[in-house]
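One structure is given here, and the rest of the page talks about it.
Residue numbers (the working numbering): 17 to 306.
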């Protein structure tokens, strides 16, 4: 069957609506735009433009995947974060707007020529956004998942090939990706440790949106019994890997600020602060070693 852009969009929209997808109109359009390489203005000028049969087949296949609950970002393979398009797949969490608060907070305190460690790096979006925004001497990203690190390395490669990110152009600051269980393979010290660790209590994962619990990596969600497992482990060792004036920054769940702050205080950290997200919920806890 031959399709025009409008016919294909109408069919995709109706399919997603029938499947109960909340943003069915938006998602149907994004998939059309991504697969058929069409801009909104082009569609408005000529919605009856014919669509290649293979593109139409690919579009409806993607529509069916979206209707089955696969996140849009895993279908298109990208998600924008801090104004940068990052590659994502089922091996990494989808970067979220809340995490931009974490990056923004780090950038406010990051010294020049800093050494930055991103613990539980996933797609690498936190570390690479920091390094694309402000010159650093070195960035290390650590994750226990080799498949996640493969995504992070691909994102670094793509950014280095994009001239607008001058600090990540070829010959820019060193980036190193390491596979391991938190600090086990590290010997360096850092001016900043930043982390968005798994923080969902195990018992709450089954109550998450189906798109999250069924498609995003469980390993990157599960914060064990009370959600604080990785905060405890990172904080217990962080001082050994921080420079004299080093700082640590965490993304947290909306109800974890007090608990994480107490962990930092008990470990001897100072100047503990909490920053809220755009919804007014606690989102970032950060502190200084001195």
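Just so it is clear, CB atoms sit at the ideal spot from N, CA and C, and this is done for glycine as well.
Remember, it's a predicted structure, so these values are computed and weren't measured experimentally.
Reference residue 72; option with closest CA among 83, 33, 157, 27:
Residue 72 sits at position 56 when you count from the first residue of the chain shown. The candidate whose alpha carbon is nearest that of residue 72 is 27.
Could you tell me if residue 57 is buried or exposed, where buried requires 16 or more neighbouring beta carbons within 10 angstroms of its beta carbon?
Translated into the one-based positions of the chain shown, residue 57 becomes position 41. The residue is exposed, with fewer than 16 neighbouring Cβ atoms inside 10 Å.
Any contact between the segment 225-245 and the segment 283-293? By contact I mean 3 or more CB pairs, one from each, below 8 Å.
no
Going by C-alpha distance, which of 255, 306, 114, 31 is nearest residue 294?
Along the chain shown, read from residue 1 onward, the residue named residue 294 stands at position 278. It is 114.
In the structure shown, what three-state DSSP assignment does residue 103 receive?
In the chain shown, the residue the question calls residue 103 occupies position 87. Residue 103 falls in the strand class under three-state DSSP.
DSSP beta-bridge partners of residue 152
Taking the first residue of the chain shown as position 1, residue 152 is located at position 136. Note: residue 152 sits in a beta bridge opposite 130.
Is the CB-CB distance between residue 43 and residue 81 below 8 Å?
Along the chain shown, read from residue 1 onward, the residue named residue 43 stands at position 27. Along the chain shown, read from residue 1 onward, the residue named residue 81 stands at position 65. Result no, Cβ atoms of residue 43 and residue 81 do not sit closer than 8 Å.
Chain-order list of residues whose beta-carbon lies under 7 Å from that of residue 87 (same chain, five-residue window excluded)
Locating residue 87 in the chain shown gives position 71, where the first residue counts as 1. 110, 227, 231, listed in sequence order.
Close beta carbons around residue 229, own chain, < 7 Å, minus the five adjacent residues each side:
On the chain shown, residue 229 is found 213 positions in, with the first residue counted as 1. Around residue 229: 221, 222.
So, under 8 Å CB-CB, residue 121 and residue 265 are touching, yes? Tell me the CB distance rounded to an integer number of Å.
Taking the first residue of the chain shown as position 1, residue 121 is located at position 105. Taking the first residue of the chain shown as position 1, residue 265 is located at position 249. Their Cβ separation, rounded to whole angstroms, is 6 Å, which keeps residue 121 and residue 265 in contact under 8 Å.
Tell me which residues share the same chain as residue 248 and place their Cβ nearer than 8 Å to its Cβ, disregarding the 5 neighbours each side in the sequence.
For this step, residue 248 is matched to residue 232 along the chain shown. Contacts found: 279.
Taking a contact to mean a Cβ-Cβ separation below 8 Å, would you say residue 350 touches residue 273 in this structure?
Because the chain is modelled from 17 through 306, residue 350 falls outside the range shown and cannot be assessed.
Separation of residue 258 from residue 65, as counted between CA atoms:
Your numbering for residue 65 matches position 49 in the chain shown. Your numbering for residue 258 matches position 242 in the chain shown. Rounded to the nearest angstrom, the two C-alpha atoms are 58 Å apart.
Suppose you measure from the CA of residue 157 to the CA of residue 147; what does that come to, to the nearest Å?
Looking up residue 157 in the chain shown gives position 141. Looking up residue 147 in the chain shown gives position 131. Each residue's alpha carbon lies about 12 Å from the other.
Among the candidates 144, 267, 256, whose CA atom is the shortest distance from the CA of residue 318?
What is shown of the chain runs 17 to 306, which leaves residue 318 out entirely.
Measure the alpha-carbon distance for residue 30 versus residue 69 and round it to whole angstroms.
For the purposes of this step, residue 30 is taken as the residue at position 14 of the chain shown. For the purposes of this step, residue 69 is taken as the residue at position 53 of the chain shown. When rounded, the distance between both Cα atoms is 20 Å.
Runs of beta strand (DSSP E) lying entirely within the segment 225-295, each at least 3 residues, in chain order:
258-267, 286-292
In terms of alpha-carbon separation, which member of 124, 133, 51 lies closest to residue 201?
Within the chain shown, residue 201 is the residue found at index 185, counting from 1. Among 124, 133, 51, the Cα nearest to that of residue 201 belongs to 133.
Does DSSP put residue 167 in a helix, a strand or coil?
Taking the chain shown and counting its residues from 1, the one referred to as residue 167 is at position 151. Note: residue 167 maps to helix in three-state DSSP.
Evaluate residue 131 with the Cβ neighbour count: other Cβ atoms within 10 Å of its Cβ, from every protein chain shown; 16 or more gives buried, anything less gives exposed.
Translated into positions along the chain shown, residue 131 becomes position 115. So residue 131 ends up on the buried side.
The alpha helix (DSSP H) enclosing residue 81, as first and last residue numbers:
Within the chain shown, the letter at position 65 stands for residue 81. 69-83 is the extent of the alpha helix (DSSP H) around residue 81.
Using the three-state DSSP reduction, which class does residue 31 fall into: helix, strand or coil?
By 1-based counting over the chain shown, the position of residue 31 is 15. Helix.
If we ignore side chains and look at the alpha-carbon of each, how far apart do residue 177 and residue 304 end up?
Indexing the chain shown from 1 puts residue 177 at position 161. Indexing the chain shown from 1 puts residue 304 at position 288. Residue 177 and residue 304: Cα-Cα distance of roughly 35 Å.
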